[in-house]
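Novice: The sequence shown: position 231 = 231 (our numbering), numbered continuously. Quick one: the structure is below, questions incoming.
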Amino acid sequence: MRTILKVLVGSRAHGLAREGSDADYRGVFVNSTLAILAAQAGLGERPRDTAWLEGEVKPDTSDMASDRVDDTAWELGHFLNLAARGNSTALEVLWAPVVESTAYGARLHVLRNVAWSPRSVRDAFVGYASNQRKKFLAGMADPRARKYACANLRVLYQGWRLLEPGELPVDLRGALDDVYATLTRWRDGDYTVGEVVEACCDMEARVQVAYAVCKQRQDLGALTAFLDDVRKTFWY
1 MRTILKVLVG SRAHGLAREG SDADYRGVFV NSTLAILAAQ AGLGERPRDT AWLEGEVKPD
61 TSDMASDRVD DTAWELGHFL NLAARGNSTA LEVLWAPVVE STAYGARLHV LRNVAWSPRS
121 VRDAFVGYAS NQRKKFLAGM ADPRARKYAC ANLRVLYQGW RLLEPGELPV DLRGALDDVY
181 ATLTRWRDGD YTVGEVVEAC CDMEARVQVA YAVCKQRQDL GALTAFLDDV RKTFWY
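Structure follows, in C-alpha cells:
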C-alpha cells in the first residue's frame, strides 16, 4: 500500500474550524497489481480499497491543537470510480490543500477537470445534500443537526461553483453571497429550520441552472490510461 496523495479536508480546510476541531485527512493509495490479480484469481485475499483511521493521536503544531484525527484513504482504482461518478467527497480531494504528494499524485491533480461529468456532479452533489437535509429535519434535537445543515449548504455551494466556473472551492472564506457567514452562524447553532431549508433549496436551484449550461466533458479514456500506467509501475 503506497500513498500517492494526502490532503487536508473538513472544517480546517473549509475555514470553519474552532479550537479542538478534529484534523481530517483524505488520501489515495496504490495496491500491488500482482496482489490485485492474485485476489481476482482466487489466490489470495482481496486487497483493501479503503483505509480508515479515527481517533489516532498525533502531534499537531497548528493554532487549533487537537489529538483527534480522521484519516481516510481510497485505493486508486476505487477513488477514480468515485470521482467519475461525481462523488463530492472524492472530488474535493482533488482541490483540497495538499499535505503530501508523489509524482503520481501530481498527475492525478492534472486529471481533475476531466474526471467528472456535469450530470454525475449534479446528481451526486444534490443527492448527498438531500441526505444531509433529511438528517437535519429528522433530528432537530440531535447536536449534530447543525453539522447536517452546514454540510447541506456547503456541498450544494461546491457543486454550483464546480459546474459553473469549473473549480471546486474548499476554503470557503471567500465564498460568494455571504455563504461563509451563513455557515459560521449555522455551525454555532444560530439558525431557524425555515432559513436552512430556504437557503439550501435556493442553492440547489443554482446547481440545476449551472448544470443546464455546463459544457464540461468527462474523459474516461484519460483516467483509464493513468490507471493503466500506475498498475504497470506498481506491479509488486
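From the three backbone atoms N, C-alpha and C, an ideal C-beta is built for every residue, glycine too. Owing to the predicted nature of the structure, the values given are computational and were not obtained by experimental measurement.
Please classify Met140 as buried or exposed, where buried requires at least 16 other C-beta atoms within 10 Å of its C-beta.
Specialist: Locating residue 140 in the sequence shown gives position 140, counting from the first residue. By the 10 Å Cβ count, Met140 comes out exposed.
Novice: Would Ala151 pass as a contact of Gln132 if the rule is Cβ separation under 8 Å?
Specialist: Translated into positions along the sequence shown, residue 151 becomes position 151. Translated into positions along the sequence shown, residue 132 becomes position 132. Cβ distance < 8 Å, so Ala151 and Gln132 count as in contact.
Novice: Is DSSP giving Gly27 helix, strand or coil here?
Specialist: Counted from its first residue, the sequence shown places residue 27 at position 27. It is a strand residue.
Novice: Determine the contact status of Ile4 and Tyr104, defining contact as a CB-CB distance below 8 Å.
Specialist: The residue labelled residue 4 in the question sits at position 4 within the sequence shown. The residue labelled residue 104 in the question sits at position 104 within the sequence shown. In this structure, Tyr104 lies closer than 8 Å to Ile4 by Cβ.
Novice: Please give me, in chain order, every unbroken run of the alpha helix (DSSP H) with length at least 4 that falls completely inside the segment 150–217.
Specialist: Complete alpha helix (DSSP H) runs here, min 4: 179–187 and 193–213.
Novice: In the DSSP assignment, what are the bridge partners of Glu100?
Specialist: The count along the sequence shown starts at 1 and reaches residue 100 at position 100. Bridge partners of Glu100: Lys6.
Novice: Could you give the DSSP three-state label for Asp123: helix, strand or coil?
Specialist: Looking up residue 123 in the sequence shown gives position 123. In this structure, Asp123 counts as helix in the three-state DSSP scheme.
Novice: Does the beta-carbon distance from Phe226 to Thr33 come in below 8 Å?
Specialist: For this step, residue 226 is matched to residue 226 along the sequence shown. For this step, residue 33 is matched to residue 33 along the sequence shown. Taking 8 Å as the Cβ cut-off, Phe226 and Thr33 do not qualify as a contacting pair.
Novice: For Gly159 versus Val213, is the C-beta distance shorter than 8 Å?
Specialist: The residue given as residue 159 occupies position 159 in the sequence shown. The residue given as residue 213 occupies position 213 in the sequence shown. Cβ distance not < 8 Å, so Gly159 and Val213 don't count as in contact.
Novice: Do Tyr128 and Ser88 have their C-beta atoms closer together than 8 Å?
Specialist: Taking the sequence shown and counting its residues from 1, one reaches residue 128 at position 128. Taking the sequence shown and counting its residues from 1, one reaches residue 88 at position 88. Yes, they are a contact pair.
Novice: What whole-angstrom Cβ distance do Val7 and Val98 have, given they're in contact under 8 Å?
Specialist: What you label residue 7 is simply residue 7 of the sequence shown in a count that begins at 1. What you label residue 98 is simply residue 98 of the sequence shown in a count that begins at 1. The Cβ separation is near 6 Å, so the contact holds.
Novice: Tell me, to the nearest whole angstrom, how far the beta carbon of Glu75 is from that of Val30; I am working on the premise that it is less than 8 Å.
Specialist: Residue numbering aside, residue 75 sits at position 75 when the sequence shown is read from its first letter. Residue numbering aside, residue 30 sits at position 30 when the sequence shown is read from its first letter. Contact holds; Cβ gap of about 7 Å.
Novice: Can you round the beta-carbon distance between Arg173 and Tyr180 to whole angstroms, since I take them to be within the 8 Å contact cut?
Specialist: Residue 173 sits at position 173 when you count from the first residue of the sequence shown. Residue 180 sits at position 180 when you count from the first residue of the sequence shown. Right, the Cβ-Cβ distance comes to about 5 Å (below 8 Å), so this counts as a contact.
Novice: Whose CA, out of Ala222, Lys232, Thr192 and Asp228, lies closest to the CA of Asn113?
Specialist: On the sequence shown, residue 113 is found 113 positions in, with the first residue counted as 1. The shortest C-alpha separation from Asn113 is found at Ala222.
Novice: Just the Cα atoms here: how many angstroms apart are Glu204 and Leu163?
Specialist: Taking the sequence shown and counting its residues from 1, one reaches residue 204 at position 204. Taking the sequence shown and counting its residues from 1, one reaches residue 163 at position 163. If I take the Cα positions, the gap works out to 12 Å.
Novice: Have a look at Asp60 and Val69 and give me their C-alpha separation to the nearest angstrom.
Specialist: The sequence position of residue 60 within the sequence shown is 60, counting from 1. The sequence position of residue 69 within the sequence shown is 69, counting from 1. Model confidence at Asp60 stands at a pLDDT of 46, short of 50, so the residue's coordinates are unreliable; what they give is reported in the following sentence. Cα-Cα distance, rounded: 10 Å.
Novice: Skipping 5 residues on each side, what residues in its chain have a beta carbon closer than 8 Å to that of Trp95?
Specialist: Against the sequence shown, residue 95 aligns to sequence position 95. Correct list, in chain order: Arg112, Glu167, Leu168, Pro169 and Val170.
Novice: When burial is assigned at 16 or more other CB atoms within 10 Å of the CB, is Tyr236 buried or exposed?
Specialist: For the purposes of this step, residue 236 is taken as the residue at position 236 of the sequence shown. It counts as exposed.
Novice: Which residues in the same chain have their Cβ closer than 6 Å to the Cβ of Ala83, if we skip the five residues on either side of it in sequence?
Specialist: Within the sequence shown, residue 83 is the residue found at index 83, counting from 1. Answer for Ala83: Ala90, Leu91 and Ala115, listed in chain order.
Novice: With a threshold of 16 other CB atoms inside 10 Å of the CB of Pro165, please say whether the residue is buried or exposed.
Specialist: The residue you call residue 165 lines up with position 165 of the sequence shown. Burial call: exposed.
Novice: Let's see if you can read the secondary structure: which residues bound the beta strand (DSSP E) around Asp71?
Specialist: For the purposes of this step, residue 71 is identified with residue 71 of the sequence shown, where counting begins at 1. Start and end: Val69 to Glu75.
Novice: Could you check if Val9 is buried or exposed, using at least 16 other CB atoms within 10 Å of its CB as the buried criterion?
Specialist: Locating residue 9 in the sequence shown gives position 9, where the first residue counts as 1. Classification for Val9: buried.
Novice: Between Leu16 and Gln40, what straight-line distance do the alpha-carbon atoms span, to the nearest angstrom?
Specialist: For the purposes of this step, residue 16 is identified with residue 16 of the sequence shown, where counting begins at 1. For the purposes of this step, residue 40 is identified with residue 40 of the sequence shown, where counting begins at 1. For Leu16 and Gln40, the distance between alpha carbons rounds to 43 Å.
Novice: For Arg154, which of Leu53, Cys201 and His109 has the nearest alpha-carbon?
Specialist: Mapped onto the sequence shown, residue 154 falls at position 154. Checked all of Leu53, Cys201 and His109; the closest Cα to Arg154 is Cys201.
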